[in-house]
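Residue numbers (the UniProt record's numbering), protein chains in the order written: chain A, 1 to 350; chain B, 1 to 350.
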DNA sequence: CTGAAAGCGCTTACAG
DNA sequence: CTGAAAGCGCTTACAG
């Protein structure tokens, strides 16, 4: 037999209405201002007062209304995530990471995909940020690389963090993913296997990540004394189809490279398709390496060696910097470095 | 030479503050209540008054503050999307669809992934809905199949829509995806190619979609006079790894089926891996068909014939039903039926 | 069809 | 350390 405990909040609960700051003030015998101080973690409250009020809050299950708070603060408790990256897994991981940081913080995540090639997109983000009085915005590549976007946000006093492969703003606003390091690791790995004739299929050089991955690879090779000839570098579009087209150029020329490093997994899948169709065995006759460590990497056959990015961590840090600015420096200093996941798509050249 | 036009809103603009309903009322010489009526599309406003006020709004770029409106309405302008589906592309498409419906509506999308197997998850959704005073919630499979979740939302008077493969709630709350039809189409297709010994790798039967796809297939076969023996049906977990395990059971038995229908593309990729490794040629020696038409389908080699779901449309309709209840019936009547996308992974049996 | 008053649930600015 | 008053930008309930 259970005894139904009569809680101090049963009036509000019974009437079906959520309790407000006034209820808490009345029930704990303090002014609403004191309750407000407690909600906002003000140090100007005596410990026993705080304890008493917090007990009441717990008992009635009080949580402050974000809209009322937002109205008074002139700022909402919403974090916007702005992105135009077409890769689903990347977006979802970034969202999960942001939500990791936002969990139990009172902030919520509002998603805002956009098309950074369309002319009005900056205005769209501005309306979004201003109308919702966003607490902050996470800028995900490639949108994060658009200086005009960042300038607009600074202009309307909307705080933001930028995720990018290289620093391009104040440290307190940057989460740097160091794509260059991942590409260098690929170069070292392939050189270590004995490859010297390695081709590159790069992403569009209008993307900073593509530049970083390309340069990181080429420089790491150079540092070991191996030059990558221009003809071995084919620029593609980060898409499967563009990977197919690039592979066709590379695999049916006079001399076939013994390995191909692709700027992402999508394009590596394109190389797989061309190689399979042409009867070129991976990895025996051709080593292939991707970038992203997307789900695709382990589902392809043979499974694809690829560079893992810590996308979820990246998202978590970018969001945390928005809601805990004081921790920003420590967080941004935390190095998120990609690293190689070795699977079955590379071996020493024949 | 451009003449800078002095707009009626230049005072507010110059002071850097967004204009409010009071500014609009003052500038157009009406009461704020009339402005409010116009914001809320009330018919109780004379047309010329409305036109005049709307002109002022446009001129100063006014848009009402959602937090102030929400506070007064006791309801926010946020739509929650609750899901526990691990497939990234599905989630992202669903989000895009919802955003299609929400665009320029004043509503925003707040994402809320959860784990429907964890005990406290319903409480988590409740807190989310109550604290944010959500305008409505979209329930995505498999969370949408949890009656206790739907009951809780009804209990707290939070409107919701459920996306599922079969109706399990009032029509005004359902978006039905008819997975059964897609599976039946696969059966017809494989029978048409001449297959009779077809195996199934199904999703977990705790998922309604898995039941629907399995039953849809088996019944369509039966209607053409072909029985599917029990031993030809292997239950797996909708994951790549579970697909691998199931394929190993099916492909190395006494008699190999000539075709396998997989409950999703992930598991089909698992079949590919096992077949490739064992030197079983797809589609010559084994036809394989998936479900989802995920990006994976076209990236595998040979490209995978699969059932396309109209996920983005589904998301759009589910969101539209929340913000335009009057259109709900018409929308839910709109049939979203999956259909087969034929690629290269099936051919007549040898 | 239009408006003045009161209120939504908080915080800021000021006072003590 | 604590509180009474005014205000954030809207809408509801009531009146005309």
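Think of the CB as a built atom: it goes at the ideal place given N, C-alpha and C, for glycine as much as any other residue.
I think residue i touches residue j, with their Cβ atoms under 8 Å apart; what is that distance to the nearest whole Å?
{"i": "residue 213 of chain B", "j": "residue 167 of chain B", "result": "Actually they do not touch by this definition, with Cβ atoms about 16 Å apart."}
{"i": "residue 291 of chain A", "j": "residue 263 of chain A", "result": "6 Å"}
{"i": "residue 88 of chain B", "j": "residue 110 of chain A", "result": "No, residue 88 of chain B and residue 110 of chain A are not in contact; Cβ-Cβ is about 19 Å, not under 8 Å."}
{"i": "residue 174 of chain A", "j": "residue 140 of chain A", "result": "Contact doesn't hold; Cβ gap of about 13 Å is too wide."}
{"i": "residue 270 of chain A", "j": "residue 247 of chain A", "result": "6 Å"}
{"i": "residue 135 of chain A", "j": "residue 79 of chain A", "result": "6 Å"}
{"i": "residue 275 of chain B", "j": "residue 286 of chain B", "result": "6 Å"}
{"i": "residue 237 of chain B", "j": "residue 204 of chain B", "result": "6 Å"}
When you compare the CB of residue i with every CB in chain A, is at least one pair closer than 8 Å?
{"i": "residue 143 of chain B", "result": "no"}
{"i": "residue 67 of chain B", "result": "yes"}
{"i": "residue 119 of chain B", "result": "no"}
{"i": "residue 185 of chain B", "result": "no"}
{"i": "residue 110 of chain B", "result": "yes"}
{"i": "residue 18 of chain B", "result": "yes"}
{"i": "residue 105 of chain B", "result": "no"}
{"i": "residue 259 of chain B", "result": "no"}
{"i": "residue 215 of chain B", "result": "no"}
{"i": "residue 316 of chain B", "result": "no"}
{"i": "residue 44 of chain B", "result": "no"}
{"i": "residue 26 of chain B", "result": "no"}
Leaving out five residues on either side along the sequence, give the residues of the same chain with a beta carbon under 6 Å from the beta carbon of residue i.
{"i": "residue 268 of chain A", "result": "262, 288, 290, 304"}
{"i": "residue 165 of chain B", "result": "177, 179, 208, 209, 212"}
{"i": "residue 28 of chain B", "result": "52, 53, 56"}
{"i": "residue 21 of chain B", "result": "32, 35"}
{"i": "residue 294 of chain B", "result": "89, 265"}
{"i": "residue 64 of chain A", "result": "39"}
{"i": "residue 345 of chain A", "result": "282, 283, 288, 302, 304, 305"}
{"i": "residue 202 of chain A", "result": "210, 214, 235, 263"}
{"i": "residue 352 of chain B", "result": "Residue 352 of chain B lies beyond the stretch modelled for chain B, which goes from 1 to 350, so this question has no answer here."}
{"i": "residue 7 of chain B", "result": "At residue 7 of chain B, the pLDDT of 39 sits below 50, so the modelled position is not reliable and the matter cannot be decided from this model."}
Cα separation between residue i and residue j?
{"i": "residue 67 of chain B", "j": "residue 71 of chain A", "result": "6 Å"}
{"i": "residue 194 of chain B", "j": "residue 259 of chain B", "result": "10 Å"}
{"i": "residue 190 of chain B", "j": "residue 42 of chain B", "result": "57 Å"}
{"i": "residue 315 of chain A", "j": "residue 206 of chain B", "result": "32 Å"}
{"i": "residue 169 of chain B", "j": "residue 279 of chain B", "result": "47 Å"}
{"i": "residue 308 of chain B", "j": "residue 17 of chain A", "result": "45 Å"}
{"i": "residue 162 of chain A", "j": "residue 321 of chain A", "result": "10 Å"}
{"i": "residue 133 of chain A", "j": "residue 73 of chain A", "result": "10 Å"}
{"i": "residue 234 of chain A", "j": "residue 245 of chain B", "result": "39 Å"}
{"i": "residue 200 of chain B", "j": "residue 62 of chain B", "result": "58 Å"}
{"i": "residue 39 of chain A", "j": "residue 45 of chain A", "result": "11 Å"}
{"i": "residue 14 of chain B", "j": "residue 341 of chain A", "result": "In this prediction, residue 14 of chain B has a pLDDT of 47, which is less than 50 and means its spatial position is unreliable; nothing more can be read from the coordinates."}
{"i": "residue 99 of chain B", "j": "residue 77 of chain A", "result": "20 Å"}
{"i": "residue 299 of chain B", "j": "residue 273 of chain B", "result": "14 Å"}
{"i": "residue 187 of chain B", "j": "residue 196 of chain B", "result": "10 Å"}
{"i": "residue 256 of chain B", "j": "residue 249 of chain B", "result": "10 Å"}
Ignore the nearest five residues each way along the sequence and tell me which others in residue i's own chain have a CB closer than 7 Å to its CB.
{"i": "residue 49 of chain A", "result": "30, 34"}
{"i": "residue 114 of chain A", "result": "82, 84, 121, 124, 125, 143"}
{"i": "residue 153 of chain A", "result": "129, 137, 160"}
{"i": "residue 218 of chain A", "result": "228"}
{"i": "residue 311 of chain A", "result": "90, 93, 94, 97"}
{"i": "residue 146 of chain B", "result": "116"}
Counting only beta-carbon atoms, is residue i nearer than 8 Å to chain B?
{"i": "residue 91 of chain A", "result": "yes"}
{"i": "residue 190 of chain A", "result": "no"}
{"i": "residue 208 of chain A", "result": "no"}
{"i": "residue 269 of chain A", "result": "yes"}
{"i": "residue 272 of chain A", "result": "yes"}
{"i": "residue 347 of chain A", "result": "no"}
{"i": "residue 242 of chain A", "result": "no"}
{"i": "residue 251 of chain A", "result": "no"}
{"i": "residue 296 of chain A", "result": "yes"}
{"i": "residue 32 of chain A", "result": "no"}
{"i": "residue 231 of chain A", "result": "no"}
{"i": "residue 152 of chain A", "result": "no"}
{"i": "residue 96 of chain A", "result": "yes"}
{"i": "residue 276 of chain A", "result": "yes"}
{"i": "residue 70 of chain A", "result": "yes"}
Please return the same chain residues whose Cβ sits closer than 8 Å to the Cβ of residue i, not counting the five positions on each side in sequence.
{"i": "residue 4 of chain A", "result": "In this predicted model, residue 4 of chain A has a pLDDT of only 34, less than 50, meaning its place in the structure is not dependable enough to derive any value."}
{"i": "residue 25 of chain B", "result": "31, 32, 34, 35"}
Would you list, in sequence order, the uninterrupted beta strand (DSSP E) runs of no fewer than 3 residues that lie entirely inside the region 171 to 210 of chain B? 174 to 176, 198 to 202
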